[in-house]
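Novice: Read in order, the letters of the sequence shown correspond to residues 1 to 462 in UniProt numbering.
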Amino acid sequence: MDFLHNQLAVVQRQLSFVATDSIDWQSYVQAFSWIVCIFESYLLLRQYPLYSKTAPPPALAEHFTAEVFAKSQAYGKDKAKFSLVSGLYKQTVDSLMLHYGAYPWAWNVAGRIVGKMGYSIDYEILQSIAFSAVVYFASSIPSLPFNIYSTFVLEEKHGFNKTTPSLFVTDLLKGWGIGFVIGAPFLAAFLWVFKWAGDRFVPWLMAFLITFQMIMVILYPTVIQPLFNKLSPLAEGELRTRIESLATKLKFPLKHLYEIDGSKRSSHSNAYFFGLPWSKHIVIFDTLIKQSKAEEVEAVLAHELGHWYYMHPTKMLLVSQFHIFTILGLFPAFMHAPLFLRAFGFDKQVAAKPPTILAFMLFQMILIPLEAFVGIGMNIVSRKFEYEADQFACELKDRLKAEDMSNMGDRLGRALVTLHVKNLSTVWVDWLYSAYHHSHPTLTERLKALEMYKPTSAKKEL
Ligand SMILES: [Zn+2]
């Protein structure tokens, strides 16, 4: 532990200028957030002309009728336009909020709210919770019209929307309620760890965050998701038998197998698994079950179990822990730096003893350019994992010595094509746009790879 703290102290000394130099951090945040926003707009403009192509790539030609291809292009075009406008709008709002001192204002409002409740401003954690609520509403309400447009105009136009206005409103209210019920104690505990551990907070906070994630893994499916969706045990039948036998053969600790009414809100489809190492749940969208044959859904699950077999979620968790560790390791330099808060327009009295939440929020704004690179790195890792999971599904025949799995690659390919077609996913993709945004390889790339992974006996005769 001392070694860790010594190393962290070295980092702090390198960053000591934060406390002593008067730096225009606000202009820095403005500049970099605009650079990232303009870069993302540029990517959309690279991608946009591809939606005007009139035929799919040769490799996909046989899977798309002219009508479906035209629909997917029109959907992609509308979504790209929407992303461009909403992205620029959101950045403008954020930028204006920063420019006009919305954060110092929100801190003062939070102080008055806490005062009305009969507490003094010495109750920093209470004021921090009020502050987060004020900032949350101030920044999310301006984007509400865009959410409404996306659901009721864009998705509706292309036949995906199943949400009713009353469902939209109850979802929103439930979301706020849950955000408060979970967010407030989380934030209180998070800030308390800083107070309690002082400058040696890094390992303690990491331990706290991991514990919190574990608790969420248990709470999410049992408490939170049932508030929004109905999870019912998958009906007895071919699909259930296939998945259960696959899970048994692979020694996957399957506890529950659910069907989720994803079609309640949207006709987009999917499947996933989650849970603790010794007790896993598989969830399949009713839309996927309806759209694909049992043997194809089984292939999708074989892919998902590939993620489990190679411990992809655990590896991702480790990468994200390392990411959090880096962020926390850099933070102390910004934590007790009055000049840092002053640069964002906070009062002298507030800045003199910086509240942790303010320092942490502003510190995260500083990291915007870094996070863009981290995102690209995470996508590279995630795409590698997708290929591995596809390969796992294709190799099941050899792995399980099961002759009936020799065509797993074909089945997975058909399922992916159906998913792609039904979701009207984008067919033509700009490489740079894809590198930045996509956590999955494109359909063309995956079909090509699936062909390679096939057991030699099942390869198409050349
Ligand atoms: Zn996957």
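We put the beta carbon where it would ideally sit given N, CA and C, even for glycine.
#1: Does at least one heavy atom of ligand 1 sit under 8 angstroms from the Cβ of F385?
#2: Give the secondary structure of P233 by DSSP, where H, G and I count as helix, E and B as strand, and everything else as coil.
#3: Can you tell me the Cα-Cα spacing of F137 and G159, whole angstroms?
#4: Examine chain B for any beta-carbon lying closer than 9 angstroms to the beta-carbon of Y453, and answer yes or no.
#5: Is it the case that the Cβ atoms of F252 and W308 are separated by a distance below 9 angstroms?
#6: Looking at C-beta atoms only, is the number of pairs between the stretch 7-18 and the stretch 58-70 that lie closer than 8 angstroms three or more?
#7: Taking the alpha-carbon of F360 as reference, which of D347, Q291, L330 and A352 has the nearest alpha-carbon?
#8: Taking the CB atoms as reference points, tell me whether S139 and G87 lie closer together than 9 angstroms.
#9: Can you list, in chain order, the residues of its chain whose CB lies under 8 angstroms from that of I218, leaving out five sequence neighbours each side?
#10: Under 7 angstroms Cβ to Cβ from F131, same chain only, skipping five residues before and after it: list those, please.
#11: Kindly provide the ranges of any beta strand (DSSP E) runs that are 3 or more residues long and lie completely inside the stretch 192-238, ordered along the chain.
#12: Can you tell me whether E236 sits near ligand 1, meaning its C-beta is under 8 angstroms from at least one heavy atom of the ligand?
#13: Going by other Cβ atoms of all chains shown within 10 Å of its Cβ, with 16 needed for buried, is L424 buried or exposed?
#14: Assign F17 to one of three DSSP states: helix, strand, or coil.
#15: Whole-angstrom Cβ separation of T287 and G262, contact assumed at under 8 angstroms?
#16: CA-CA distance, I327 and P104?
#17: Give the range of the beta strand (DSSP E) segment to which Y272 is assigned.
#18: Using only CA atoms, which one of E388, A247 and V181 lies nearest to V223?
#19: When the Cα atoms are used, what is the spatial distance from A271 to H437?
#20: Spatial neighbours of F228 within its chain, please: C-beta separation below 8 angstroms, excluding the five flanking residues on both sides.
#21: Please look up how many angstroms separate the CB atoms of V427 and P56, rounded, as I've assumed it's under 8 angstroms.
Specialist: Straight from the coordinates:
#1: yes
#2: Strand.
#3: Cα to Cα, F137 sits roughly 31 angstroms from G159.
#4: In the displayed structure, chain B is absent; only one protein chain is listed.
#5: The answer is yes: Cβ separation under 9 angstroms.
#6: no
#7: L330
#8: no
#9: L276
#10: A106, W107, A110 and I357
#11: 231-233
#12: Result no, Cβ not under 8 angstroms from ligand 1.
#13: buried
#14: helix
#15: So it is a contact: roughly 6 angstroms between Cβ atoms.
#16: 23 angstroms
#17: A271 to L276
#18: V181
#19: 21 angstroms
#20: D171 and K174
#21: 5 angstroms
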